[in-house]
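First comes the structure, then the notes that go with it.
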Amino acid sequence: MDIVLVKKYLRENLGFSNKKIQKIHKYIDLLLIFNKKYNLISKSTEKEIWNRHILDSAQIIKYIDFNKGHILSDFGSGAGLPGVIISIANTNRNFHVKLYEKSPVKRDFLADIQKITQFDIEKNVYDYEVIKSDYVVCRAFKKLDLIFDISREKIKNPHKLIILKGKNALNDLKKLPKDKNYRYKTVDSVTDRDSKIIIVTKNGK
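Its first residue numbered 1, the sequence shown is counted upward by one per residue in the working numbering.
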């Protein structure tokens with residue numbers, strides 16, 4: 001999908017205003033500048049950034065309720081994907097977006113992005129014994145079983161996981177041990193016909 005079609009999809013299907021799209025432009029400008037020195041995203045994807053990274057991240061907001069005073073955590077945020085795009089979509093001051101990233105270099109980049117949109121920057125998820133979160137989003141983070149381990153061990157309250165996965169998503173799900181506390185479904189990605197969005201609810205949330 002080219003830039004024009006991506007922007008049209010953002011407006012018509014995901015409710016992004018022109019002002020929010022301008023914020024995405026500013027984010028992309030900073031990302032591409034930073035990417036010249038540090039490998040935040042693959043340089044081979046820079047020309048496809050609107051489809052490969054922006055829309056891929058933005059598509060999950062339809063599964064998030066921004067009307068409540070919830071906390072959303074982006075694990076392994078890296079360049080801020082999808083967390084930064086979610087924070088741009090959010091207009092509720094009581095809805096908090098937290099980006100967890102272990103790399104100091106990437107956290108420095110995220111600190112620069114805070115002048116565009118509001119979110120909190122946290123360190124490595126393993127630095128915390130307990131994490132309070134109502135939503136967990138992951139994109140290019142860890143294997144599915146390790147994400148579930150973090151969910152079980154560190155997030156005690158009911159929550160939803162939204163995980164962007166590639167063509168092995170269904171096979172990875174089949175390998176997970178059965179757990180009555182978790183229910184999941186898969187949704188096709190709008191950016192890659194082989195990729196899936198895995199939506200998991202814990203404890204009936």
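The beta-carbon is built from N, C-alpha and C at its ideal position, and this holds for glycine as well.
Query raised in the report: Taking the continuous alpha helix (DSSP H) assigned at Leu173, which residues delimit it?
Result: Position 173 of the sequence shown, counting from 1, holds the residue named residue 173. Per DSSP, Leu173 belongs to the alpha helix (DSSP H) from 169 to 175.
Query raised in the report: Per DSSP, Leu164 forms a beta bridge with which residues?
Result: As a working mapping, residue 164 is identified with position 164 in the sequence shown. In the DSSP output, where bridge partners are listed per residue, Leu164 has Arg139, Ile197.
Query raised in the report: What do you get for His25, buried or exposed, if any count of 16 or more other CB atoms within 10 angstroms of its CB means buried?
Result: As a working mapping, residue 25 is identified with position 25 in the sequence shown. Label assigned to His25: exposed.
Query raised in the report: Quick check: the segment 26 to 36 against the segment 46 to 62, are there 3 or more CB pairs under 8 Å?
Result: As far as the Cβ criterion goes, the segment 26 to 36 touches the segment 46 to 62, which means the pair count is three or higher.
Query raised in the report: Is Lys185 helix, strand or coil by DSSP?
Result: For the purposes of this step, residue 185 is taken as the residue at position 185 of the sequence shown. In the three-state DSSP reduction, Lys185 falls in the strand class (E or B).
Query - Residue range of the unbroken alpha helix (DSSP H) whose run includes Leu99 - result: Mapped onto the sequence shown, residue 99 falls at position 99. Element bounds for Leu99: not the alpha helix (DSSP H) but the beta strand (DSSP E), 96 to 100.
Query raised in the report: Going along the chain, which residues of its own chain have a beta-carbon closer than 7 Å to the beta-carbon of Leu81, five neighbours each way excluded?
Result: Against the sequence shown, residue 81 aligns to sequence position 81. If we look at Leu81 and ignore the five residues flanking it on each side, its Cβ neighbours are His53, Ser57, Arg139.
Requested in this report: Would you give the residue range spanned by the alpha helix (DSSP H) that Ile86 belongs to?
Outcome: For this step, residue 86 is matched to residue 86 along the sequence shown. Element bounds for Ile86: 83 to 89.
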